[in-house]
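Chemist: This is the structure I have questions about; it appears just below.
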Amino acid sequence: MGSTVLMLVLMGAAFYFLLIRPQQKRAKKQQEMTNSLQPGTRVMLSSGVFGTIRHLGERQAIIEIAPGIEMTVVKQAVVKTLTAEDDEFEYSDEPAVIDDEPTESPFDNIQPSDFIDPKPSDSRATDDDPTDQSSTQK
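Below you can see the structure in the form of structure tokens.
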């Protein structure tokens, strides 16, 4: 009986140290990161969207995901603060330079004949044809 109780205590301790305690550490780290957020911080959301915090509320944050495009999210959606090395692309506030050279569109060469369906073959089974009226008039 004593060895059974000792085994249960050891299993409980292993369960605590292998599952519960690491989860508590992760939750504490996430809470500290959420509390340290400031406007201007570059972040990644749980959906994988990258953005810059513009305004912070008690439970929500307004994130700018592209110049002039903002969205409101709950603070718990922020999973990571980013460093300069984490960003693959960089946005600037300057308008994009547009080439004045006309480019050929892939839609310039489309002809109306490109959209005509081929004639249906008579060798096809007519049981599956919903437009066939002869099978419904028996």
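Taking the working numbering, the leading residue of the sequence shown gets 9, the next gets one more, and so forth.
C-beta: ideal position from N, C-alpha, C; glycine also.
Here the structure is a predicted model, which means the values were calculated and not measured.
1) Does the distance from the C-beta atom of His63 to that of Ile70 stay below 8 Å?
2) In terms of alpha-carbon separation, which member of Val87, Ser121 and Val81 lies closest to Ala35?
3) Which two residues bound the contiguous beta strand (DSSP E) that contains Lys37?
4) Per the contact definition of three or more C-beta pairs closer than 8 Å, is the stretch 79 to 98 in contact with the stretch 45 to 65?
5) In angstroms with no decimal places, state the Cα-to-Cα distance between Glu40 and Ile28.
6) Am I right that Ile61 and Thr49 are in contact with their C-beta atoms under 8 Å? What's the rounded C-beta distance?
7) Please list, in chain order, all residues of the same chain as Lys37 whose beta carbon is under 7 Å from its beta carbon, the five residues on each side excluded.
8) My output table needs one value for Gln84: the three-state DSSP class, helix, strand or coil.
9) How about Arg67 and Val81: are their beta carbons less than 8 Å apart?
Modeler: Judging by the given coordinates:
1) yes
2) Val87
3) No beta strand (DSSP E) holds Lys37; the alpha helix (DSSP H) holding it covers Arg29 to Asn43.
4) yes
5) 19 Å
6) 5 Å
7) none
8) helix
9) no
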